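Numbering (this note's numbering), first residue to last: 16 to 114.
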């Protein structure tokens, strides 16, 4: 679900989400400027070690991306802000872990 936002003459499209893990649900929603909020929900019965990267660039180089790491409880969730100019959000890892 992509939507555009016009703010002070600028035009943004909601970030693309790349999530290959069926046990995670990842949504990006518009929150108060200047951010989007990434919502992550664990649909499994395991604790999950999660790594998510976001970038405003077309490339995924370390100096152009931001990484979030956290552990999700079974059926739990987490959220964090990303800048409004974020182009892509990618789930890098979602593996069961002992917590």
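Even glycine gets a Cβ: it sits at the ideal position worked out from N, Cα and C. Keep in mind the model is a prediction, meaning the values are calculated, not measured.
6 Å Cβ shell around residue i - same chain, five flanking residues per side excluded
{"i": "residue 85", "result": "65, 93"}
{"i": "residue 60", "result": "89"}
{"i": "residue 21", "result": "Residue placement at residue 21 is poorly supported in this model, since its pLDDT is 45, which falls under 50; the coordinates still yield a value, given next. If we look at residue 21 and ignore the five residues flanking it on each side, it has no Cβ neighbours."}
{"i": "residue 46", "result": "52"}
{"i": "residue 82", "result": "68"}
{"i": "residue 36", "result": "106, 109"}
{"i": "residue 95", "result": "53, 83"}
Proximity of residue i and residue j at Cβ, strictly below 8 Å
{"i": "residue 50", "j": "residue 38", "result": "no"}
{"i": "residue 54", "j": "residue 87", "result": "no"}
{"i": "residue 34", "j": "residue 106", "result": "yes"}
Same chain only: Cβ atoms within 8 Å of residue i, ignoring 5 sequence neighbours per side
{"i": "residue 80", "result": "68, 69, 70, 72"}
{"i": "residue 102", "result": "30, 31, 70, 71, 72, 73"}
{"i": "residue 91", "result": "56, 57"}
Contact set for residue i: own chain, Cβ-Cβ below 7 Å, skip 5 residues either direction
{"i": "residue 32", "result": "41, 43, 104"}
{"i": "residue 98", "result": "49, 50, 71"}
Cβ-based burial, residue i [other Cβ within 10 Å; buried from 16]
{"i": "residue 29", "result": "buried"}
{"i": "residue 10", "result": "Beyond the ends of the chain as shown, which are 16 and 114, falls residue 10; an answer cannot be given."}
> What are the start and end residues of each continuous beta strand (DSSP E) run of 3 or more residues lying completely inside the segment 38 to 91, in chain order?
Replying inline: 39 to 45, 50 to 57, 63 to 70, 80 to 87
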